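Asks: Residue numbers (the numbering used here): 17 to 696. We put the beta carbon where it would ideally sit given N, CA and C, even for glycine. All values reported here derive from a predicted model rather than from experimental measurement.
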Ligand code: GLC
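1. State the DSSP-derived secondary structure class of residue 424, mapped to helix, strand or coil.
2. Would you mind sorting residue 29 into buried or exposed? The rule is 16 or more other CB atoms within 10 Å of its CB.
3. Between the alpha carbons of residue 97 and residue 377, how many angstroms are there, rounded?
4. Is DSSP giving residue 677 helix, strand or coil here?
5. For residue 318 and residue 283, what's the separation of their Cα atoms in angstroms?
6. Could you name the residues of the same chain whose beta carbon sits closer than 7 Å to that of residue 304, not counting the 5 residues immediately before and after it, in chain order?
7. Around the C-beta of residue 39, are 16 or more other C-beta atoms found within 10 angstroms, so that it is buried, or is it exposed?
8. Would residue 662 and residue 600 be called neighbours here (beta carbons separated by less than 7 Å)?
9. Rounded to whole angstroms, what is the Cα-Cα separation between residue 633 and residue 627?
10. On the CB-based measure, 16 or more other CB atoms within 10 Å of its CB, does residue 210 come out buried or exposed?
11. Going residue by residue through the segment 517-547, where are the continuous alpha helix (DSSP H) segments of at least 4 residues, counting only ones entirely within it?
12. Does the ligand GLC have a heavy atom nearer than 6 Å to the CB of residue 113?
13. Return the residue from the list 413, 606 and 522 that minimises the CA-CA distance to residue 553.
14. Have a look at 640, 465, 679 and 642 and flag the residue whose alpha-carbon is nearest the alpha-carbon of residue 493.
15. Could you have a look at residue 332 and say whether DSSP puts it in helix, strand or coil?
16. What runs of the alpha helix (DSSP H), each 4 residues or longer, lie entirely inside the segment 250-334?
17. By the three-class DSSP mapping on this structure, what secondary structure does residue 492 have?
18. At a threshold of 6 Å, does residue 242 count as lining the ligand GLC (C-beta to nearest heavy atom)?
19. Are there 16 or more other CB atoms within 10 angstroms of the CB of residue 642, so buried, or fewer, so exposed?
20. Using a threshold of 6 Å, is the CB atom of residue 469 nearer than that to any non-hydrogen atom of the ligand GLC?
21. Go ahead and label residue 63 buried or exposed: buried means 16 or more other beta carbons lie within 10 angstroms of its beta carbon, across all protein chains shown.
22. For residue 1, collect the residues of the same chain with a Cβ closer than 6 Å to its Cβ; drop the 5 residues on either side in sequence, then sort them by chain order.
23. Please classify residue 526: is it buried, with 16 or more other beta-carbons within 10 angstroms of its beta-carbon, or exposed?
24. Between residue 454 and residue 240, which are expected to be in contact by the criterion C-beta below 8 Å, what is the C-beta distance as a whole number of angstroms?
25. Would you say the segment 429-439 touches the segment 331-351, given that touching needs at least three Cβ pairs under 8 Å?
26. Just verifying my parser: in three-state terms, what is the DSSP assignment at residue 9?
27. Using only the alpha-carbon positions, how far apart do residue 698 and residue 141 sit?
28. In the structure shown, what three-state DSSP assignment does residue 609 receive?
29. Decide if residue 380 is buried, meaning its Cβ has at least 16 other Cβ atoms within 10 Å, or exposed.
30. Report buried or exposed for residue 445, applying the criterion of at least 16 other Cβ atoms within 10 angstroms of its Cβ.
31. For residue 275 and residue 347, I'd like the C-alpha separation in whole angstroms.
32. For residue 32, which residues in the same chain have their Cβ closer than 7 Å to its Cβ, ignoring the five residues on either side in sequence?
33. Using the rule of at least 16 other Cβ atoms within 10 Å of the residue's Cβ for burial, across every protein chain shown, is residue 503 buried or exposed?
34. Using the C-alpha atoms, what's the distance from residue 591 back to residue 585?
35. Just list the residues that DSSP pairs residue 241 with in beta bridges.
36. Does the ligand GLC have even one heavy atom less than 6 Å from the beta-carbon of residue 514?
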């Protein structure tokens, strides 16, 4: 049962698309008691936290809930910290910030859905595209306060009629997922291994990558083209010196079963003679400042304008831009910098230069020196800048002028919607790979996401694991993190352990930042081990793809915390570093350096699979309970659930090479459990 409460005059985000069963109510007593305009109180509560502030013009509604000491809060999609979100403060604000440490409050996505599990289990969705703050036991350990920085928003409360807690969880998620619409389905080849790096300059660089993978028998399906393929970082252009015959190159790669996946950035370079820029200006498709001038900010190409993705015509126009690449045979894209990330705004930069000028020749002291640093640091992704430009948003009742900060979190979402709508228009018979950096609930219908600029840190293996179920709850199914870490220098063991987790994740993409250590799997001492591991991934693809498809079709989750399945088992409820992947298996990856194994908790009897290569594995029956399990650096250990079977195919050098006719079913001794493959 879903109840909708409407406050003020909410902006239509199109997050909710299926209204069957939704009952719109005037705030009933229970909700009314929780809701209030509590700016003063909220200010006080949050004052110890430096990162989250607002100014006087912001109206703040709070929704307050007392939490019992054992209550658990699940959700919030792409975010830091645990599967249980208690004990921190989170901010829904799509942010370009590569340092995903414990202290952060937001990442690239803004996903306002939680499920509270206490005396009652219920889901809560706040549909508001500006800032929402989730203080989940930060200011008061036993209180959750949701602060919506607006008086205009929709609140949905989802309850389940089912009595059993385990069923309740899944029922609430399914109700929510149904109301936000079915998730995007990625093409099957996109479940293969993919290699990326910011720094591949030209055709030769890409060919060398493919050659090395093939030579080392490491399966691969795609290579990414980061910003360097473009002419001076201009969207929908290809540098003809680096790629003299692009179309031919794309088809040559196709023949080798390699898909090329170019990046598209949100900002459009300001350059006379550049058609996308000129057309956007002429047709008024860019975001504007208050005085009607196009907003100017700096990103990779220097000065850019930002397409007004909230406007339906601008969306159609930008979407048509993908055509030049589609025509060349491209069938996958990643949308980037679409929070949108701002290095600076033209106005703010000028003010900063003026201020810096006044510091010249001064004897800088403790205050002035720090102030100087802050002037420069404050240039990027500045809230003041986000408040200085406007959209002509297409709303059900017509066009509406809206200031960016009030709709910030749906900018990337609408860029991806522009792309996806264009694909349906331009190449209706093809399924195009699309995923985005910034996102909001609703975008899951148009594409997947990667979790942005992470680091080559051991803690980021665990962070990925913990995000998987939360993302699924919010509808994001085609998901993954930069394998091996984007920033920093990876080590061979970190990359190997990361590979052993990513092999269970739909988007298995090795990606790294310019200037970091080379991270392709063939660069390391034990290339043979990486080849074995990626071959295991390919043998698992029929299972991963089937589970993905089933979860999408049933509005269900593919990554299931143990607490969902065994809600009365205290060890399972507390397990945050192992989880079920689909119906048949439980994974428990190793994520600490130099570990030769780990403790694993089995909530029921399971069959342990120790696999070193596609044809080199052993099965061991294990009793429910705690186990210490040895896991060598180059092997994978996972568990098959009682009464279930895992299909293992015969690998392949690319996805279409996998022979699903040759599937072996792994299962407990004496079991005749079967498995339904989906491989259309
Ligand atoms: C952003 C992206 C990253 C990409 C880089 C250059 O930081 O998140 O993946 O490599 O831009 O385009």
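Replies: Result, derived from the coordinates:
1. DSSP places residue 424 in the helix class (H, G or I) of the three-state scheme.
2. Buried, since its Cβ has 16 or more Cβ neighbours within 10 Å.
3. Roughly 45 Å between the two C-alpha positions.
4. Helix, per DSSP.
5. Cα to Cα, the separation comes out at about 10 Å.
6. Scanning its chain for C-beta atoms nearer than 7 Å, with the 5 sequence neighbours on each side dropped, one finds around residue 304 the residues 310, 311, 405 and 406, in chain order.
7. Taking a 10 Å sphere around the C-beta of residue 39, we find fewer than 16 other C-beta atoms and assign the residue as exposed.
8. Going by C-beta atoms, residue 662 is nearer than 7 Å to residue 600.
9. Distance from the CA of residue 633 to the CA of residue 627, rounded to the nearest whole angstrom, comes to 4 Å.
10. It counts as buried.
11. Here no run is fully enclosed.
12. The ligand GLC never approaches residue 113 closely enough for any of its heavy atoms to be under 6 Å from the residue's Cβ.
13. Considering only alpha carbons, the answer is 522.
14. Closest option to residue 493, Cα to Cα, is 465.
15. Helix.
16. Runs found: 262-271 and 291-298.
17. It is coil, neither helix nor strand.
18. Residue 242 Cβ: within cutoff of the ligand GLC.
19. Taking every protein chain shown into account, the CB of residue 642 has fewer than 16 other CB atoms within 10 angstroms, so this residue is exposed.
20. Within 6 Å of the C-beta of residue 469 there is at least one heavy atom belonging to the ligand GLC.
21. For residue 63, the predicted model reports a pLDDT of 43, less than 50, meaning its position is unreliable; a value from the coordinates is still stated below. Counting other Cβ atoms within 10 Å of its Cβ, residue 63 stays below 16 and is therefore classed as exposed.
22. Nothing about residue 1 can be read from this structure; the chain reaches only from 17 to 696.
23. Flag for residue 526 reads buried.
24. Contact flag wrong, Cβ pair sits at about 18 Å.
25. Yes, they touch.
26. Any answer about residue 9 is impossible in this case: the structure gives the chain only from 17 up to 696.
27. Any answer about residue 698 is impossible in this case: the structure gives the chain only from 17 up to 696.
28. Residue 609: coil per DSSP, three-state reduction.
29. So residue 380 counts as exposed.
30. It counts as exposed.
31. Put simply, the backbone Cα of residue 275 is about 7 Å away from that of residue 347.
32. The answer, listed in chain order, is 143, 195 and 196.
33. The residue is buried, with at least 16 neighbouring Cβ atoms inside 10 Å.
34. Across the structure, residue 585 and residue 591 are spaced so that their CA atoms are roughly 10 Å apart.
35. DSSP lists 278 as partners of residue 241.
36. Every heavy atom of the ligand GLC is 6 Å or more from the Cβ of residue 514, so no.
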